[in-house]
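Residue numbers (full-length UniProt numbering): 1 to 172.
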């Protein structure tokens, strides 16, 4: 089985921002997701955010942490929470368990597919991240997830503690 390289595509049109994750989205793409979250926080005229996971075969916890960060970046600026479209039952179950329904509207299909946007999706270049930068981001992603619900807190506590310990060592 071929591992489907993760890709991230994005489009912005008349106030609607679409982020489409394809393939196997892992921590290697989290620098790119992080940049998008920061862009969104500063985007004027933003009305809606849609995250399309229908072509994602897998989204690891670090990538999920940054999706949560996207929601937090736009919190309070949109009339409605960002939408996540996911029709894969495994992905949906994971989003449910991790408490994404509190921050996103979860749907299996988009209400209306603006034709402009699907053509306008541009693949984002993968931003390189050095090992230190990756570790910082993995830590940040899991801290975000831990704040979302109790299940995540229990699940990711050991990892976060381990990474924090590594960070301390790395800085000495």
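Glycine included, every Cβ here is placed at the ideal spot set by N, Cα and C. Keep in mind it's a predicted model, so treat the numbers as computed, not measured.
Item	Value
Just how far apart, CA to CA, sit residue 62 and residue 144?	10 angstroms
Once DSSP output is grouped into helix, strand and coil, what is the label at residue 88?	coil
If we ignore side chains and look at the alpha-carbon of each, how far apart do residue 93 and residue 45 end up?	33 angstroms
What is the residue span of the beta strand (DSSP E) that residue 54 lies within?	48-59
For a quick check, are the C-beta atoms of residue 85 and residue 52 less than 8 angstroms apart?	yes
Quick check: what's the CA-CA separation for residue 39 versus residue 142?	21 angstroms
Where residue 161 and residue 168 are concerned, what is the direct C-alpha to C-alpha distance, given to the nearest angstrom?	11 angstroms
Once DSSP output is grouped into helix, strand and coil, what is the label at residue 23?	strand
Where do the N-terminal and C-terminal ends of the beta strand (DSSP E) with residue 106 fall, by residue?	105-107
What did DSSP end up calling residue 101 once you bin it into helix, strand or coil?	helix
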